[in-house]
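Numbering (my numbering), first residue to last: 94 to 334.
We treat Cβ as the ideally placed atom computed from N, Cα and C, and that holds for glycine.
Keep in mind that this is a model prediction, so the values were computed, not measured.
To keep things clear, I will list the structure first and then write my remarks on it.
Take a look at the structure:
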């Protein structure tokens with residue numbers, strides 16, 4: 094991973110207080126980016142902030158924001174806050190925040206569970222990307238990365254609301270990519286991490302041995318590539334890592 098692949102880029106990462114989001118933030122900082130850490134847990138966010146601030150890279154920004162509760166006005170205020178903090182600079186978003194209940198038959202899944210999973214996994218990425226779009230359009234090279242899941246393309250028993258919300262995320266990405274086709278500085282893609290040692294994977298696959306999973310560090314070069322200028326011209330793809 095080049096230490097300058099993301100030099101001078103400012104990138105917003107959701108779900109940055111743990112797991113994949115935390116790893117992406119650290120990898121992007123190591124590659125030269127200034128990261129904006131977003132999560133709803135202030136305590137966890139502060140811990141990640143301190144770790145990155147002490148790593149020797151660019152000092153990060155941290156924003157405590159609850160995607161579950163946010164409405165239109167909160168997203169607008171958030172965009173204004175970030176624009177003020179960065180001088181209007183934003184070169185990408187990585188949507189790592191995710192919401193999952195439990196694997197169960199449809200007959201046991203509730204309306205609230207489906208609504209909340211769609212809220213975080215589909216609606217929030219749309220709302221956040223839309224709010225940040227004016228800044229992304231001004232960037233010389235902007236990449237929006239949605240973190241997908243294999244069941245978004247391959248329906249399977251018990252994955253119900255989570256899989257459906259991730260299928261909708263794939264659709265969202267392709268709509269954005271199609272709408273942005275006329276902008277050669279904008280792109281949107283879905284990255285599917287696969288079996289990795291993340292808190293969510295451990296929750297969704299409790300019987301899986303750690304040895305069967307990849308370390309999160311193994312897929313960081315791919316995350317850096319898709320945020321970097323090297324991936325320019327590639328948009329609307331669903332990439333399995």
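Exercise. If you draw a straight line from the alpha carbon of residue 99 to that of residue 127, how long is it in whole angstroms?
Worked result: 9 Å
Problem set entry | Beta-carbon proximity list for residue 140, same chain, < 8 Å, skipping 5 on both sides | So the qualifying residues of the chain are 110.
Exercise. What three-state label does DSSP hand residue 194 in the structure shown?
Worked result: coil
Exercise. Hey, which unbroken runs of the beta strand (DSSP E) at 3 residues or more fall wholly within the segment 223-260?
Worked result: If we require 3 residues or more, the beta strand (DSSP E) runs fully inside the segment 223-260 come out as 235-240.
Exercise. Is residue 248 buried or exposed, if buried means 16 or more other CB atoms sit within 10 Å of its CB?
Worked result: Residue 248 is exposed by the Cβ-count criterion.
For this session: Determine which residues share a DSSP beta bridge with residue 185 and list them.
Result: Residue 185 is bridged by DSSP to 104, 236.
For this session: List the whole-angstrom C-beta distance separating residue 278 from residue 311, where the pair is believed to meet the contact cut-off of C-beta under 8 Å.
Result: Not really, about 30 Å apart at Cβ, beyond 8 Å.
Exercise. Going by DSSP, which residues form a beta bridge with residue 129?
Worked result: 105, 154
Problem set entry | Residues near residue 250 by beta carbon distance below 7 Å, same chain, minus five either side | none
For this session: List the residues that DSSP assigns as beta-bridge partners of residue 382.
Result: Absent from the structure is residue 382, since the part of the chain shown begins at 94 and ends at 334.
Exercise. Within 10 angstroms of its Cβ, does residue 201 collect 16 or more other Cβ (buried), or is it exposed?
Worked result: exposed
Problem set entry | 8 Å Cβ shell around residue 289 - same chain, five flanking residues per side excluded | 113, 306, 307, 308, 309, 311, 312
Problem set entry | Contact set for residue 144: own chain, Cβ-Cβ below 6 Å, skip 5 residues either direction | The answer is none, since no qualifying residue turns up.
For this session: Note down the Cα distance separating residue 261 from residue 245, rounded to an integer number of angstroms.
Result: 8 Å
Exercise. By Cβ distance, which residues of its chain are closer than 7 Å to residue 236, with the 5 residues on each side in sequence left out?
Worked result: Taken in chain order, the residues that qualify are 185, 280, 319, 320, 324.
For this session: Starting from residue 336, trace the alpha helix (DSSP H) both ways and give me its first and last residue.
Result: Because residue 336 is not part of the residues shown, which for the chain are 94 to 334, the question remains open.
For this session: Could you say if the segment 207-224 and the segment 145-165 meet the contact criterion of at least three C-beta pairs nearer than 8 Å?
Result: yes
Problem set entry | Reference residue 105, options 228, 242, 206, 258, closest by Cα | The residue with the shortest Cα to Cα distance from residue 105 is 228.
For this session: Determine, using beta carbons only, whether residue 285 and residue 241 come nearer to each other than 9 Å.
Result: yes
Exercise. Which stretch, first to last residue, makes up the alpha helix (DSSP H) that contains residue 289?
Worked result: From DSSP, residue 289 is part of no alpha helix (DSSP H); its letter is neither H nor E.
Problem set entry | Separation of residue 217 from residue 193, as counted between CA atoms | 14 Å
Problem set entry | Beta carbon of residue 190 nearer than 9 Å to that of residue 118 | no
Exercise. Alpha helix (DSSP H) containing residue 175: first to last residue?
Worked result: 165-179
For this session: Could you tell me how far apart the beta carbons of residue 317 and residue 124 are, in whole angstroms, since I believe they sit closer than 8 Å?
Result: 5 Å
Exercise. How big is the Cα-Cα spacing for residue 263 and residue 130?
Worked result: If I take the Cα positions, the gap works out to 23 Å.
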